[in-house]
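So the sequence lines, in the order shown, correspond to chains Z and L.
For the first sequence, full-length UniProt numbering begins at 1 and goes up steadily by one.
For the second sequence, full-length UniProt numbering begins at 1 and goes up steadily by one.
2 protein chains.
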Amino acid sequence: MGRRHPGAPTLEEVAARAGVGRGTVSRVVNNAAGVKESTRRAVQRAIAELGYVPNLAARSLAGQRADAVALVMTEPRWRQFAEPFFSEIVHAIGDALAGTGPQLLLTLVRSDAERRRFLEYARGGRVDGVLLMSVHADDPLPDMLAEARLPTVLMGRRSGDERVSYVDADNAGGARSAVAHLLATGRRAIATITGPPDMYVAQCRLRGYREALASAGLDTRPSWVAEGDFTIEGGHRAMTRLLERHPEIDGVLAASDTTAEGALEALRAAGRRVPEDVAVIGFDDFPLAERTAPRLTTVRQPLEDIGRTMVQLLLQEIEEPSVAWRHVILRTELVVRESA
Amino acid sequence: MGRRHPGAPTLEEVAARAGVGRGTVSRVVNNAAGVKESTRRAVQRAIAELGYVPNLAARSLAGQRADAVALVMTEPRWRQFAEPFFSEIVHAIGDALAGTGPQLLLTLVRSDAERRRFLEYARGGRVDGVLLMSVHADDPLPDMLAEARLPTVLMGRRSGDERVSYVDADNAGGARSAVAHLLATGRRAIATITGPPDMYVAQCRLRGYREALASAGLDTRPSWVAEGDFTIEGGHRAMTRLLERHPEIDGVLAASDTTAEGALEALRAAGRRVPEDVAVIGFDDFPLAERTAPRLTTVRQPLEDIGRTMVQLLLQEIEEPSVAWRHVILRTELVVRESA
DNA sequence: GTGAAAGCGCTAACAT
DNA sequence: ATGTTAGCGCTTTCAC
Numbered sequence: 001m002g003r004r005h006p007g008a009p010t011l012e013e014v015a016a017r018a019g020v021g022r023g024t025v026s027r028v029v030n031n032a033a034g035v036k037e038s039t040r041r042a043v044q045r046a047i048a049e050l051g052y053v054p055n056l057a058a059r060s061l062a063g064q065r066a067d068a069v070a071l072v073m074t075e076p077r078w079r080q081f082a083e084p085f086f087s088e089i090v091h092a093i094g095d096a097l098a099g100t101g102p103q104l105l106l107t108l109v110r111s112d113a114e115r116r117r118f119l120e121y122a123r124g125g126r127v128d129g130v131l132l133m134s135v136h137a138d139d140p141l142p143d144m145l146a147e148a149r150l151p152t153v154l155m156g157r158r159s160g161d162e163r164v165s166y167v168d169a170d171n172a173g174g175a176r177s178a179v180a181h182l183l184a185t186g187r188r189a190i191a192t193i194t195g196p197p198d199m200y201v202a203q204c205r206l207r208g209y210r211e212a213l214a215s216a217g218l219d220t221r222p223s224w225v226a227e228g229d230f231t232i233e234g235g236h237r238a239m240t241r242l243l244e245r246h247p248e249i250d251g252v253l254a255a256s257d258t259t260a261e262g263a264l265e266a267l268r269a270a271g272r273r274v275p276e277d278v279a280v281i282g283f284d285d286f287p288l289a290e291r292t293a294p295r296l297t298t299v300r301q302p303l304e305d306i307g308r309t310m311v312q313l314l315l316q317e318i319e320e321p322s323v324a325w326r327h328v329i330l331r332t333e334l335v336v337r338e339s340a
Numbered sequence: 001m002g003r004r005h006p007g008a009p010t011l012e013e014v015a016a017r018a019g020v021g022r023g024t025v026s027r028v029v030n031n032a033a034g035v036k037e038s039t040r041r042a043v044q045r046a047i048a049e050l051g052y053v054p055n056l057a058a059r060s061l062a063g064q065r066a067d068a069v070a071l072v073m074t075e076p077r078w079r080q081f082a083e084p085f086f087s088e089i090v091h092a093i094g095d096a097l098a099g100t101g102p103q104l105l106l107t108l109v110r111s112d113a114e115r116r117r118f119l120e121y122a123r124g125g126r127v128d129g130v131l132l133m134s135v136h137a138d139d140p141l142p143d144m145l146a147e148a149r150l151p152t153v154l155m156g157r158r159s160g161d162e163r164v165s166y167v168d169a170d171n172a173g174g175a176r177s178a179v180a181h182l183l184a185t186g187r188r189a190i191a192t193i194t195g196p197p198d199m200y201v202a203q204c205r206l207r208g209y210r211e212a213l214a215s216a217g218l219d220t221r222p223s224w225v226a227e228g229d230f231t232i233e234g235g236h237r238a239m240t241r242l243l244e245r246h247p248e249i250d251g252v253l254a255a256s257d258t259t260a261e262g263a264l265e266a267l268r269a270a271g272r273r274v275p276e277d278v279a280v281i282g283f284d285d286f287p288l289a290e291r292t293a294p295r296l297t298t299v300r301q302p303l304e305d306i307g308r309t310m311v312q313l314l315l316q317e318i319e320e321p322s323v324a325w326r327h328v329i330l331r332t333e334l335v336v337r338e339s340a
């Protein structure tokens, strides 16, 4: 492996050149107060002349901090990567970290080997904290990080009682308002296509659907619920099944915008007009919908807020390690795009 | 900032517990040879009992290596992020780095501030090398890294005489073979839509187009060349212009698949049938084409090979720092999908 | 305000 | 085969 350029000037050499002690140079480099202006200037000149660059490994070792945080992307094969949702959230986090904060490091964790390597990296103290995205219910990573006492913030949660800090959208609330909107616009035969039943986010959205119907005095029989998997194809298949069971359907809540996309395909293939015959509302996890179904009413997630909040929580936990877990649930917004 | 868990056991404590010297523990931890099996076992037990985790900052400092490489993503607003091309290449690099290699760290560099921060990070010795993607011609980052003597490998090049190692696709060759295919299938009125003229990749593709026509004894007047910008909209506009100038067009080389996409839209809007009336070939930087225009003939770039080769070059340069720049040009492949 | 000195936890070279 | 030692380059008291 590559040795770092050996002749690189050290703090000591800078000190010698400037005719001061190492402590003083350190103070100047770190913008610490309590250095006479003339001294500071002299040191800065020495730094410039020598082309001095602080060795961060040494700084980490002495200072007990990494000045970096990791954003972990799980998923064996991140197609997500290719999804605007992902891009948005990463940029939001990057923005939130702009300015003075630590360096943001994105890391792929797609296999056990990669998980091990990352854990070694993180527990080795090379990051001060970890942000996790779209973690599966059975992913052990969050708990392993927590056990290593590394500040950790999840995006979304794996279950109802998550033992790690997280930021999540109000999925149940979003579903409720979507269904309420369908009801308000006169729909009565409302079905839903869910996400994978083992994902908490999917459970919440389904619950919201049921609650909304229940509070309108309508009951939900199982045959109005079809299982999808957050893909276009899954949405297509589920919609097809629903149409067979209930040709009278006039409203659909899709658990993601990809699902909505698939549902639309199936509806059109069956000759239904949208939204005249059937209104479809999807969660726009993936603002993809903006392109493919721009006129669809959607439940929007505040991606920017989610990213900003995650960073905020993480920095807090880094600053003052505590035994508490912080949870933030952000409101979703119903974006009405057609008059159904 | 968060102090690393203070009570964390050190190598020394492990040594004490196992009743051996620190050197021995270090050897065991690093899987070095020359440790009696029984000793190794004892050390491993002590490690397990204490829950010892090596401090990587200390290792970096002593060992002069970071065991990490960065993959830098420039672009002020990475929409690219959302593009399959990007996803593919990242995964390819991740795969190539799997196994024993260093940790892969993706970093965003979207602004001057972020560039400075990353430079500090990289020059501070926290990575052993840097991979760069889609760098603009005027981006100073590669040169700054080179100046800092950090092993660096570019994907694509900024100009004909790049002073940094890079891996690139044979863009001119790809364009030549595409045009040759159009000619071979009887097309004669062949236009091209270029990318941004200040991008070297676009220049190469244009050159290939010209060379192919020239070697067929046809000459290329400027009016057959329209400037695009690698976007769908740009492709659309350029195609519209071309149709006005040369209604007799029967073949188009598009400098990207998004460009091809836009060209297709414009052709259809003008009532042309593809490929009956006009054949379109695009470079599929972004395998998007697989979805939107699955039946189009394309020039395919070997993304996996590019990723693998980049990693290979980088590891080589890390291993044996040299003054040479290594350049690899990978063959493209013409994927014929329709009988024009 | 500034210098000196004591680590931070590890690797690697050198003894043994 | 294993223990010992000398740094790696910085931050941070603690004197002055």
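Here a beta-carbon is modelled for each residue, glycine too, at the ideal position from N, C-alpha and C.
From a predicted model like this one, the values you see are computed outputs, not experimental measurements.
Three-state class that DSSP yields for L296 of chain Z in the structure shown: Here residue 296 of chain Z is taken as the residue at index 296 of the first sequence, counted from 1. In the structure shown, L296 of chain Z sits in coil (DSSP, three-state: anything other than H, G, I, E or B).
By Cβ distance, which residues of its chain are closer than 6 Å to A169 of chain Z, with the 5 residues on each side in sequence left out? As a first step, residue 169 of chain Z must be located in the first sequence, where it is residue number 169. Here the set comprises Q301, L330, T332.
Specify whether the stretch 205-222 of chain Z and the stretch 150-163 of chain Z touch according to this definition: at least 3 beta carbon pairs, one from each stretch, less than 8 Å apart. no
Output the boundary residues of the beta strand (DSSP E) element that contains I329 of chain Z. On the first sequence, residue 329 of chain Z is found 329 positions in, with the first residue counted as 1. Taken as a continuous stretch (DSSP letters only), the beta strand (DSSP E) holding I329 of chain Z covers 327-330.
Less than 8 Å between the beta carbons of L206 of chain Z and A226 of chain Z, yes or no? Within the first sequence, residue 206 of chain Z is the residue found at index 206, counting from 1. Within the first sequence, residue 226 of chain Z is the residue found at index 226, counting from 1. Cβ atoms of L206 of chain Z and A226 of chain Z: not closer than 8 Å.
Which residue wins for smallest C-alpha separation from H91 of chain L, given the options Z:A146, Z:R123, Z:M73? Taking the first residue of the second sequence as position 1, residue 91 of chain L is located at position 91. Taking only the C-alpha atoms, the option nearest H91 of chain L is Z:M73.
Counting only C-beta atoms, is G234 of chain Z closer than 8 Å to chain L at any point? Locating residue 234 of chain Z in the first sequence gives position 234, where the first residue counts as 1. So, not an interface residue.
For L105 of chain L, three-class secondary structure by DSSP: Your numbering for residue 105 of chain L matches position 105 in the second sequence. In the structure shown, L105 of chain L sits in a strand (DSSP, three-state: E or B).
Taking Cβ-Cβ distances shorter than 9 Å, what residues in chain L pair up with F118 of chain Z? Locating residue 118 of chain Z in the first sequence gives position 118, counting from the first residue. Neighbours of F118 of chain Z on chain L, chain order: Q103.
Helix, strand or coil for I249 of chain L? Go by DSSP, reduced to three states. As a working mapping, residue 249 of chain L is identified with position 249 in the second sequence. Coil at I249 of chain L, not helix or strand.
Beta-bridge partners of L132 of chain Z, as assigned by DSSP: Stepping through the first sequence from its first residue, residue 132 of chain Z is reached at position 132. For L132 of chain Z, which the question treats as bridged, DSSP gives the partners Z:V72, Z:L154.
Helix, strand or coil at L288 of chain Z according to DSSP, with G and I counted as helix: On the first sequence, position 288 is the one that residue 288 of chain Z refers to. In this predicted model, L288 of chain Z has a pLDDT of only 49, less than 50, meaning its place in the structure is not dependable; the value taken from the coordinates is given anyway. Coil.
My understanding is that G228 of chain Z touches A255 of chain Z, with C-beta atoms under 8 Å, so please give their C-beta distance in whole angstroms. Here residue 228 of chain Z refers to the residue found at position 228 of the first sequence. Here residue 255 of chain Z refers to the residue found at position 255 of the first sequence. Confirmed, Cβ separation roughly 6 Å.
Could you compute how far the alpha carbon of Q44 of chain Z sits from the alpha carbon of A113 of chain L? Here residue 44 of chain Z refers to the residue found at position 44 of the first sequence. Here residue 113 of chain L refers to the residue found at position 113 of the second sequence. Using only the alpha carbons, I get a separation of about 20 Å.
Compute the Euclidean distance between the alpha carbons of A68 of chain Z and R41 of chain L, then round it to the nearest angstrom. For this step, residue 68 of chain Z is matched to residue 68 along the first sequence. For this step, residue 41 of chain L is matched to residue 41 along the second sequence. Approximately 35 Å, taken between the alpha carbons.
Residue-chain proximity (R268 of chain Z, chain L), Cβ-Cβ < 8 Å: Start at 1 with the first residue of the first sequence, and residue 268 of chain Z comes out as number 268. By this cut-off, R268 of chain Z is not an interface position.
Identify the continuous alpha helix (DSSP H) that holds L218 of chain Z and give its terminal residues. To locate residue 218 of chain Z, count along the first sequence from 1; it is residue 218. That residue, L218 of chain Z, is in no alpha helix (DSSP H); it is neither H nor E in DSSP.
Take E233 of chain L and list the residues in its own chain whose beta-carbon comes closer than 8 Å to its own, dropping the five residues that flank it on each side. Position 233 of the second sequence holds residue 233 of chain L. Excluding positions up to five away in sequence, the list reads G262.
At 7 Å on the CB atoms, spell out the chain Z contacts of S60 of chain L, in chain order. Within the second sequence, residue 60 of chain L is the residue found at index 60, counting from 1. A57, listed in chain order.
Three-state secondary structure (DSSP) of S322 of chain L: On the second sequence, residue 322 of chain L is found 322 positions in, with the first residue counted as 1. Coil, per DSSP.
Using only the alpha-carbon positions, how far apart do A238 of chain L and L105 of chain Z sit? Position 238 of the second sequence, counted from the start, is the residue given in the question as residue 238 of chain L. Position 105 of the first sequence, counted from the start, is the residue given in the question as residue 105 of chain Z. Roughly 39 Å between the two C-alpha positions.
Looking only at C-alpha atoms, which of L:K36, L:F86, L:E75 sits nearest to S111 of chain L? Numbered from its first residue, the second sequence carries residue 111 of chain L at position 111. Selected option, being the one with the closest Cα: L:E75.
At a CB-CB cut-off below 8 Å, which residues of chain L make contact with T107 of chain Z? Translated into positions along the first sequence, residue 107 of chain Z becomes position 107. What T107 of chain Z touches in chain L: Q103, L104, L105, L106.
Let me know if G19 of chain L comes out buried or exposed under the rule of 16 or more other beta-carbons within 10 Å of its beta-carbon. Start at 1 with the first residue of the second sequence, and residue 19 of chain L comes out as number 19. Result: exposed.
First and last residue of the alpha helix (DSSP H) that includes T194 of chain L? Against the second sequence, residue 194 of chain L aligns to sequence position 194. For T194 of chain L, no alpha helix (DSSP H) segment is defined; the enclosing uninterrupted segment is the beta strand (DSSP E) at 190-194.
Tell me, please, whether the CB atom of P54 of chain L is closer than 8 Å to any CB atom in chain Z? Stepping through the second sequence from its first residue, residue 54 of chain L is reached at position 54. So, interface residue.
Kindly say whether R163 of chain L, judged by its beta-carbon, lies nearer than 8 Å to any beta-carbon of chain Z. Along the second sequence, one-based indexing puts residue 163 of chain L at 163. It does not: the Cβ of R163 of chain L has no partner Cβ on chain Z nearer than 8 Å.
Let me know if G2 of chain L comes out buried or exposed under the rule of 16 or more other beta-carbons within 10 Å of its beta-carbon. On the second sequence, position 2 is the one that residue 2 of chain L refers to. Here G2 of chain L scores only 40 on pLDDT, less than 50, and its place in the model is too uncertain to base an answer on.
Chain-ordered chain Z contacts of G94 of chain L [CB-CB under 8 Å]: Numbered from its first residue, the second sequence carries residue 94 of chain L at position 94. In chain order, L108, R110, E114 make up the part of chain Z whose C-beta sits under 8 Å from the C-beta of G94 of chain L.
Establish whether the CB of R126 of chain L and some CB of chain Z are separated by less than 8 Å. Indexing the second sequence from 1 puts residue 126 of chain L at position 126. Chain Z, which has a Cβ nearer than 8 Å to the Cβ of R126 of chain L, makes this yes.
Can you give the beta carbon distance from L253 of chain L to A175 of chain L, rounded, assuming they're within the 8 Å contact cut? Indexing the second sequence from 1 puts residue 253 of chain L at position 253. Indexing the second sequence from 1 puts residue 175 of chain L at position 175. Confirmed, about 6 Å.
Please confirm if V14 of chain Z has its CB atom under 8 Å from at least one CB of chain L. Within the first sequence, numbered from 1, the residue matching residue 14 of chain Z stands at position 14. Output row for V14 of chain Z: interface = no.
With 16 other CB atoms within 10 Å as the buried threshold, where does A289 of chain L fall? Residue numbering aside, residue 289 of chain L sits at position 289 when the second sequence is read from its first letter. Low confidence applies here, because A289 of chain L scores a pLDDT of 47, under 50, leaving its location unreliable; read the following figure in that light. Answer is buried; the Cβ neighbour count reaches 16.
Three-state secondary structure (DSSP) at V20 of chain Z? Indexing the first sequence from 1 puts residue 20 of chain Z at position 20. If DSSP states are grouped into helix, strand and coil, V20 of chain Z belongs with coil.
Determine, using beta carbons only, whether W78 of chain L comes closer than 8 Å to chain Z. By 1-based counting over the second sequence, the position of residue 78 of chain L is 78. The predicted model places W78 of chain L with a pLDDT of 48, which falls under 50 and marks its position as unreliable; any figure quoted below should be read in that light. Closer than 8 Å to some Cβ of chain Z, the Cβ of W78 of chain L qualifies, so yes.
Cα-Cα, which of L:V167, L:L334, L:S223 is closest to R326 of chain L? Translated into the one-based positions of the second sequence, residue 326 of chain L becomes position 326. It is L:V167 whose Cα lies nearest to the Cα of R326 of chain L.
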